[in-house]
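Colleague:
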Amino acid sequence: MALPPALPMPMPGPMMHDPLALSMDLVYTAIIFVLSIVIFLRTHELYDLTKHKGIGYLRQAFLLFGLAYAFRFLFRLISVTGLQHELYLPRQLFHPTMFAVMGVLSTLALFYLAYSTGRFRMRHGHFLMLSVGVSVAVSAIAFLTRSPFLVFLFELALVVAMIVGIMVKGDDGHRRSHARPLYLLIALFWLLNLVVIGPLRWVPAWAEAILFALSLGVFFVIYSRVHKWTR
């Protein structure tokens with residue numbers, strides 16, 4: 003479920019000076035954070051009853067995604083309130099560091115989302131070492147080169163690979179086809195998220211507002227489907 007900028011890397015683009023655009027961005031980030039944490043909490047009982055590993059990994063994806071958005075919201079708030087200067091946080095270090103943290107969380111969330119589909123044929127311990135190592139390495143390279151676009155490209159590749167994996171039938175094709183709509187919705191949200199709050203904020207304000215609305219709409223549908231599972 004990088005993100006981050008997202009499960010997306012959820013990282014801010016260039017600083018926005020338009021109060022309306024900034025407010026829209028903060029509200030969007032807060033809503034996604036709250037819904038991600040609510041999904042994580044609401045699926046606790048379902049996981050306890052079924053002990054289904056896929057549900058457990060999906061819960062971890064939403065938790066990590068929610069944490070990535072929490073850092074993004076904190077980053078925005080510190081930047082726009084001027085608290086960054088009061089805390090004597092140099093922009094040259096503060097911004098890339100926050101991007102790196104969000105990059106690790108969002109990329110790790112995407113790894114867990116892909117792992118929950120059952121396409122990763124490896125033990126969880128090995129998967130954890132691989133996913134954490136790759137997430138940290140990608141974000142570290144982006145940090146050192148000051149190129150958050152690298153995280154964007156890596157997460158885009160992960161989303162595309164996950165979509166391909168979802169569409170290919172396996173031995174458990176019936177179960178996978180039952181869960182396929184949810185994963186495709188999450189993948190669609192992540193793709194929208196990469197455009198909405200990724201490093202390529204090239205869209206005009208009116209188009210950005212539409213993308214925000216579409217992205218939120220898709221996430222509400224995701225929440226609705228998960229809510230039905232947990233009733």
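For the sequence shown, my numbering gives the first residue as 3, with consecutive numbering after it.
Where a beta carbon is used, it is the ideal one built from N, C-alpha and C, also for glycine.
Note that the coordinates shown come from a computational prediction; the quantities given were computed from them, not determined experimentally.
Hey, could you find the ends of the alpha helix (DSSP H) residue 25 is sitting in?
Modeller: Going by DSSP, residue 25 is part of the alpha helix (DSSP H) stretching over 21–52.
Colleague: Taking contact to mean at least 3 C-beta pairs separated by less than 8 angstroms, is the region 188–196 in contact with the region 132–150?
Modeller: no
Colleague: Let me confirm a value: residue 50 is counted as buried when at least 16 other C-beta atoms fall within 10 Å, else exposed. Which label applies?
Modeller: Exposed, since its Cβ has fewer than 16 Cβ neighbours within 10 Å.
Colleague: For residue 207, is the classification buried or exposed, using 16 other Cβ atoms within 10 angstroms of its Cβ as the cut-off for buried?
Modeller: Of the other Cβ atoms in all chains shown, fewer than 16 fall within 10 Å of the Cβ of residue 207; this residue is therefore exposed.
Colleague: So the candidates are 134, 220, 30, 28; which of them puts its Cα closest to the Cα of residue 108?
Modeller: 134
Colleague: Taking residue 164 as part of the alpha helix (DSSP H), name the residues at either end of that continuous run.
Modeller: 151–169
Colleague: With residue 229 and residue 61 assumed to form a contact (beta carbons below 8 angstroms), what rounded beta-carbon distance in angstroms separates them?
Modeller: Contact doesn't hold; Cβ gap of about 14 angstroms is too wide.
Colleague: Between which two residues does the alpha helix (DSSP H) carrying residue 147 extend?
Modeller: 126–147
Colleague: Confirm, please, whether the CB-CB distance from residue 198 to residue 187 is below 7 angstroms.
Modeller: no
Colleague: Per DSSP, what kind of secondary structure is residue 81 in: helix, strand or coil?
Modeller: helix
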